[in-house]
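Protein chains: 2
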Amino acid sequence: MTDFAAWSREVQSRIESALARVLPNSAIAPEKLHAAMRYATLGGGKRIRPMLAFAAGEAVGADPARVEYAACAVELVHVYSLTHDDLPCMDDDDLRRGKPTCHVQFDEATALLVGDALQSLAFEVLAEPGACVDKATQVDMLALLAKASGSRGMAGGQAVDLAATGKSLELAELEFMHIHKTGALIEAAVLLGAMAGGMPSDAQRQGLRHYAHCVGLAFQVMDDVLDSETDTATLGKTAGKDAAQGKATYLTLMSAKEARVYANELIENALTAIDHFGDAGANLAAIARFIVERRY
Amino acid sequence: MTDFAAWSREVQSRIESALARVLPNSAIAPEKLHAAMRYATLGGGKRIRPMLAFAAGEAVGADPARVEYAACAVELVHVYSLTHDDLPCMDDDDLRRGKPTCHVQFDEATALLVGDALQSLAFEVLAEPGACVDKATQVDMLALLAKASGSRGMAGGQAVDLAATGKSLELAELEFMHIHKTGALIEAAVLLGAMAGGMPSDAQRQGLRHYAHCVGLAFQVMDDVLDSETDTATLGKTAGKDAAQGKATYLTLMSAKEARVYANELIENALTAIDHFGDAGANLAAIARFIVERRY
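One line per chain: the protein sequences are D and G, in this order. Read in order, the letters of the first sequence are residues -8 to 287 in our numbering. Read in order, the letters of the second sequence are residues -8 to 287 in our numbering.
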């Protein structure tokens, strides 16, 4: 665990520098938009998706200097989705990563444009010359990020979430939502990290996909557990919000204890799926374990 | 002019079919989001950007079947920007292309997600295998669309526009805004249409870029003239809105007559820039002339 703690700090520091470099300087016009993009993106977040990208890159032996582009791209898409999700017409939240949300700190129109421009920037970064060893795979990476972000991926999951608010969902419906809302981008993080080194084999892709699927659901199960058990200050975002807004969570379908058992089963499946990577998959395995052991 | 009228109807019909094909069916979940994406995109619009893409493709001899992807991608980015621009926190408009705007017809959260998902879809379409003859140029096309859409392109222009509302701008400041807000995507339409057939020569790219720059500004000059002279029913969007909101327009800096002279000068420059394409550039030339002669 000590090794993983050091590795994750290293990734967090690396991704922070990389994001600071790819985000336009706030002295460049339009200054307010660029300042707001930096405010929303820098200095916070667990950076789980970048960690997944780097760990998947390690599993297949991809050059970390290439994986960095994929790691930035998925984090930029993630931050754009949080910025839009916090807007008054969506979740109307005023706290994120321990700071006022973007539309509170700046204004609603700016936060809208921040999300829009961060999405564009994600594709710009992934289309940079260094992002992959070969151009054909790079086009596939761009296609994958687009699908994962769009109406049959993350944005679609948000729409399902909106439609489900105030309704009771069955487990299958709840998981359909999560597989889109958070699962699609988590899968993209894992696959893009690996693809930076060239197209992985079918067997590698299948293993990584199954790993991502299980880790994504486990992450969401634990989010619901932590959201119900942890205070706002520790979470850095408003605690208990989903339940208060009448959103379906795992805890409306099972007890916290059952949810933890379920998350652990998912993680066991995730570990089995990457078994064939051996030692190269050590950090993928460590991230999976971290997800069920985390406290915030 | 008769030939151009027939050609532009053909392009409009072709792009309508292509957009209807790339947009997810509204029977696919999330149904409401998909219905709203189709509502915002289909059945309206002048389709100037697709026309520019097809005409630029003709100028360099690109296969129209490939150009179609670029034409769809730029139109999807354009529609996403209109959908977000019409939201209450931006221009708060309720009429677009003669219909209620997306957030009026559906709701604000859905309109937000429509824009987000249309942007993703634009990149998804441009990353499809058929979109370019070679993968290296295709990556460059994706990079170009991302830059044109982002904070130093279209989204940045929106931010400048917001900051300028209620202020008097000098001509240089007004043109800085337009070059970003509408010019960047018009340039992308022209360059991407040409690049679908493989990377054009430096001389070709330079000519197309100068053409796009002039056409983009002339389009905006004429938009301001028409906005002041035409009624809402003919425009299909709220007339006189910019002036009412205290936005700087060309008509705050010059008379309508002077603006028409300026637009004609820009078009002359655009025609000179594409002179070397000869007959192959006929439709690019016709679009430039159409822009100063249009009535809505």
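We put the beta carbon where it would ideally sit given N, CA and C, even for glycine.
- With a threshold of 8 angstroms between beta carbons, G:V130 makes contact with chain D.
- For G:G198, the uninterrupted alpha helix (DSSP H) segment begins and ends at 193 to 220.
- Only those residues of the stretch 133 to 166 of chain G whose C-beta falls short of 7 angstroms from the nearest C-beta of chain D are listed: L133, A134, A137, K138, S140, G141, S142, R143, A146, G147, Q149, A150, V151, L153, A154.
- In this structure, the CA atom of G:N255 is about 8 angstroms from the CA atom of G:A209.
- The beta-carbon distance between G:G35 and G:G89, rounded to whole angstroms, is 7 angstroms. This is short enough to meet the 8 angstroms contact definition.
- Contact of D:C80 with chain G by beta-carbon distance below 7 angstroms involves E99, A100, L103.
- When secondary structure is reduced to three states using DSSP, D:R87 falls in the strand class.
- Taking a C-beta cut-off of 9 angstroms against chain G, the contacting residues of the stretch 111 to 127 of chain D are S111, L112, A113, F114, E115, V116, L117, A118, E119, P120, A122, C123, D125, K126, A127, listed in chain order.
- For G:H75, the nearest CB of chain D lies under 8 angstroms from its own CB, placing it at the interface with that chain.
- If you check the CB distance, D:A277 and D:Y202 do not come in under 8 angstroms.
- For D:D107, the residues of chain G that pass the 9 angstroms Cβ criterion are Y71, S72, H75, G106, D107, Q110, S140, G141, S142, M145, A146, Q149, in the order they occur in the chain.
- In this structure, DSSP gives G:L112 a helical state, which the three-state scheme calls helix.
- For D:L24, at least one C-beta of chain G is nearer than 8 angstroms to its own C-beta.
- Counting of Cβ neighbours within 10 angstroms places G:E249 among the exposed residues, the total staying below 16.
- Here D:R29 really is in contact with D:L14; their C-beta atoms are around 5 angstroms apart, less than 8 angstroms.
- Annotated as distal: D:L112 and D:A61, with beta-carbon spacing of 8 angstroms or more.
- Where D:L244 is concerned, there is no enclosing alpha helix (DSSP H), because DSSP gives it neither an H nor an E.
- At a C-beta separation below 7 angstroms, G:P15 has these neighbours in chain D: S142, R143.
- Taking CB atoms only, D:M28 has a neighbour in chain G less than 8 angstroms away.
- Assigned with DSSP and collapsed to three states, G:A187 falls in coil, not helix or strand.
- With distances taken between CA atoms, G:K37 lies nearest to G:R87 out of G:K138, G:R87, G:F268.
- Straight across, the Cα-Cα distance linking D:E164 with D:L136 is about 24 angstroms.
- By the rule that beta-carbons nearer than 8 angstroms mark a contact, G:P191 does not touch chain D.
- By the criterion of a C-beta distance shorter than 7 angstroms, G:V2 is surrounded in its chain by R38, P41, M42, F45, once the five residues flanking it on both sides are discounted.
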